[in-house]
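As you go down the protein sequences, you meet chains A and B in turn. When you line the first sequence up against our numbering, it's residues 122 to 311, in that order. When you line the second sequence up against our numbering, it's residues 646 to 919, in that order. Everything below concerns the one structure shown next.
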Amino acid sequence: MALPANLKQAPTPQELEYITGEIIVAIEPLFRMEKVRLVSGVYGPFRPPAKTRVPLWLAQSLKLKRKCRIVPPDWVTVDFLTLRLQQETSQSELSKMPFRYAEVAKVLLDIASDDIMEPDKIRILLKDIREARQAKSRQLLLALDAPYTTTENLCSMEICEMRLFFSSAMGIISKLDVEAPAQDEEMYDF
Amino acid sequence: MALDLSDEESSRVRLNRRPRPTDSTLYGSELPSFDTNIRSNPSYGRPSVADVSFASANMVDLDDEGLYGEGEETTVRALMRRWIDERLAPDLLPWQGELVGEILERLQSQNEIVVTLQGNANTTEEEHFAVMLVQTEVERIKFVLRSYLRCRLQKIEQYTPYILATPDVQRNLSELEQNYVQRYGDLIGRHFQQTTLDQLPAHMHSLAEEHPNTPSMITEPNKSKAVFFFVRDADCPPMALPGGKSIELKKGSIHLAQYRLVEDFLRNDSVELV
Numbered sequence: 122m123a124l125p126a127n128l129k130q131a132p133t134p135q136e137l138e139y140i141t142g143e144i145i146v147a148i149e150p151l152f153r154m155e156k157v158r159l160v161s162g163v164y165g166p167f168r169p170p171a172k173t174r175v176p177l178w179l180a181q182s183l184k185l186k187r188k189c190r191i192v193p194p195d196w197v198t199v200d201f202l203t204l205r206l207q208q209e210t211s212q213s214e215l216s217k218m219p220f221r222y223a224e225v226a227k228v229l230l231d232i233a234s235d236d237i238m239e240p241d242k243i244r245i246l247l248k249d250i251r252e253a254r255q256a257k258s259r260q261l262l263l264a265l266d267a268p269y270t271t272t273e274n275l276c277s278m279e280i281c282e283m284r285l286f287f288s289s290a291m292g293i294i295s296k297l298d299v300e301a302p303a304q305d306e307e308m309y310d311f
Numbered sequence: 646m647a648l649d650l651s652d653e654e655s656s657r658v659r660l661n662r663r664p665r666p667t668d669s670t671l672y673g674s675e676l677p678s679f680d681t682n683i684r685s686n687p688s689y690g691r692p693s694v695a696d697v698s699f700a701s702a703n704m705v706d707l708d709d710e711g712l713y714g715e716g717e718e719t720t721v722r723a724l725m726r727r728w729i730d731e732r733l734a735p736d737l738l739p740w741q742g743e744l745v746g747e748i749l750e751r752l753q754s755q756n757e758i759v760v761t762l763q764g765n766a767n768t769t770e771e772e773h774f775a776v777m778l779v780q781t782e783v784e785r786i787k788f789v790l791r792s793y794l795r796c797r798l799q800k801i802e803q804y805t806p807y808i809l810a811t812p813d814v815q816r817n818l819s820e821l822e823q824n825y826v827q828r829y830g831d832l833i834g835r836h837f838q839q840t841t842l843d844q845l846p847a848h849m850h851s852l853a854e855e856h857p858n859t860p861s862m863i864t865e866p867n868k869s870k871a872v873f874f875f876v877r878d879a880d881c882p883p884m885a886l887p888g889g890k891s892i893e894l895k896k897g898s899i900h901l902a903q904y905r906l907v908e909d910f911l912r913n914d915s916v917e918l919v
């Protein structure tokens with residue numbers, strides 16, 4: 122009907138990646154152009170070798186035309202990610218990552234791996250971090266309670282991955298709760 | 646051509662006398678007057694090489710960042726936020742007429758400039774490239790806008806009887822959507838009547854009848870659905886849980902809660918769904 126069935130439940134990973142296009146990244150333009158006014162703001166001027174800041178989708182489009190180098194964000198370095206991986210494997214809580222780190226990293230590694238130092242190491246580190254975090258976010262399920270649970274430091278893609286399961290699990294828990302004694306029933310009387 | 650945005654004022658005066666976009670209106674120095682967004686969000690979209698920091702690994706500061714990292718919320722990001730909210734909320738959220746109007750107006754003016762430039766034989770190659778970027782962005786925004794509208798339409802079709810019976814929800818609809826829900830409700834009602842209900846005994850004709858132990862025939866949004874949300878406001882009031890407890894909502898934190906608890910926060914913009 123109005124919305125295809127596969128889009129009804131929640132935004133798809135592709136759509137999340139699409140939104141990530143609005144994130145601002147630094148680029149080194151390889152062509153000259155004056156400022157350009159877009160709906161989301163004014164970008165440029167593009168004068169090599171001065172860096173300028175543009176939305177990720179624009180950087181992506183320029184990169185594919187070989188008109189710029191993308192300057193990877195601070196956290197896309199082997200040092201930082203190694204540190205995060207250590208934290209991730211030694212602590213029981215999730216550590217703080219940029220909310221859309223998975224999407225940004227995917228776009229950068231897909232189209233601009235030549236602009237990143239040691240892209241293969243980065244790829245491996247990101248994969249390890251993802252797995253460590255995945256194991257921890259499954260642990261969150263133990264603490265799941267209706268009608269509220271804290272999910273500190275989860276990232277966009279992780280939420281996307283867990284959403285259906287967590288949301289239906291909470292639905293079941295709250296249904297079971299309603300069977301509780303009469304005094305509890307008032308609680309649900311909004 | 647002057648490049649600094651501080652020249653904006655003088656070029657604006659010039660532009661007022663010259664309402665049609667001409668050769669280089671795409672460029673920042675000749676901002677037409679509707680471009681108020683640049684003013685209010687100085688940190689966004691401007692080249693500020695100084696804050697491209699190359700901090701060492703330990704220094705990378707991820708605190709105090711929004712969902713998009715840096716920068717204020719532009720109209721485009723606002724539209725994306727509303728779109729995702731709408732996609733994740735089980736019921737119909739208030740129609741964002743003002744935002745959609747503003748976006749449409751900007752798309753329209755970008756389009757006019759593009760048409761003018763493309764029709765002009767003197768357009769330089771650089772301008773053609775800029776036109777291509779403008780068109781890419783316009784298409785990006787149109788996609789989100791369409792998906793937003795379709796998502797609302799889908800909810801309207803799904804909950805037609807409920808919406809028609811609840812004036813509170815009807816206030817969340819735009820005028821066009823209100824007309825649509827009326828017409829759609831009529832059509833569906835007549836269809837049910839003709840195909841099935843007319844063949845049944847008279848006391849079973851109503852779709853609103855309630856029976857004990859059977860679910861209602863009117864589909865309502867499931868407000869107990871759990872949603873993930875992100876706290877946008879620094880001074881968001883605590884969320885009261887049933888049973889007297891309350892939860893502090895710190896800016897930038899992410900929680901999972903039943904939609905009915907989040908609803909009010911969503912309405913006054915202090916949280917967004919993720």
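Every residue gets a Cβ at the ideal spot worked out from N, C-alpha and C, and that includes glycine. Nothing here was measured: the structure is a model prediction, and the numbers come from that model.
message: Less than 7 Å between CB atoms is the rule here; does alanine 879/B satisfy it with respect to chain C?
response: The displayed structure is made up of protein chains A and B, and chain C is not among them.
Reference leucine 185/A; option with closest CA among Ile144/A, Val163/A, Val228/A: Here the closest residue by C-alpha is Val228/A.
query: Span of the alpha helix (DSSP H) holding leucine 128/A?
result: Residues 126-129.
Per DSSP, the bridge partner or partners of alanine 871/B: Gln903/B
Residues bridged to phenylalanine 167/A [DSSP beta-bridge criterion]: Met154/A
field: Members of the segment 770-781 of chain B that neighbour chain A once the beta carbon cut-off is set at 8 Å
entry: Glu771, Phe774, Ala775, Leu778, Val779, Thr781
- prompt: Buried or exposed: which applies to histidine 900/B, given that a residue is buried once 16 or more other Cβ atoms fall within 10 Å of its Cβ?
  reply: Around the beta-carbon of histidine 900/B, 16 or more other beta-carbon atoms lie within 10 Å, marking it buried.
task: For the segment 702-789 of chain B, list the alpha helix (DSSP H) runs that are entirely contained and at least 4 residues long, ordered along the chain.
output: 720-733, 742-764
message: Contact defined as beta carbons within less than 8 Å: I believe proline 134/A pairs with methionine 278/A. What is the distance between those atoms, to the nearest angstrom?
response: 7 Å
- prompt: Beta-carbon of serine 869/B versus every beta-carbon of chain A: anything under 7 Å?
  reply: yes
- prompt: Along the chain, which unbroken stretches of the alpha helix (DSSP H) at least 4 residues long are found entirely within the segment 177-238 of chain A?
  reply: 177-185, 199-211, 222-232
- request: Measure the CB-CB distance between glutamate 747/B and leucine 738/B and report whether it falls below 7 Å.
  value: In this structure, glutamate 747/B sits away from leucine 738/B, with a CB-CB distance that is not shorter than 7 Å.
query: Any idea what DSSP makes of glycine 292/A, helix, strand or coil?
result: Three-state DSSP puts glycine 292/A in a helix.
query: What's the C-alpha gap between proline 857/B and glutamate 893/B?
result: 40 Å
message: Which residues in chain B have a C-beta closer than 7 Å to the C-beta of phenylalanine 220/A? List them in chain order.
response: Leu712
field: Candidates Lys895/B, Ser891/B, Asn867/B: closest to aspartate 880/B by CA position
entry: Checking every option, the nearest Cα to that of aspartate 880/B belongs to Lys895/B.
query: The beta strand (DSSP E) with glutamate 917/B in it runs from where to where?
result: Note, glutamate 917/B: beta strand (DSSP E), 916-918.
query: Helix or strand or just coil, what does DSSP make of threonine 133/A?
result: coil
task: Using three-state DSSP, classify tyrosine 804/B as helix, strand or coil.
output: Coil, per DSSP.
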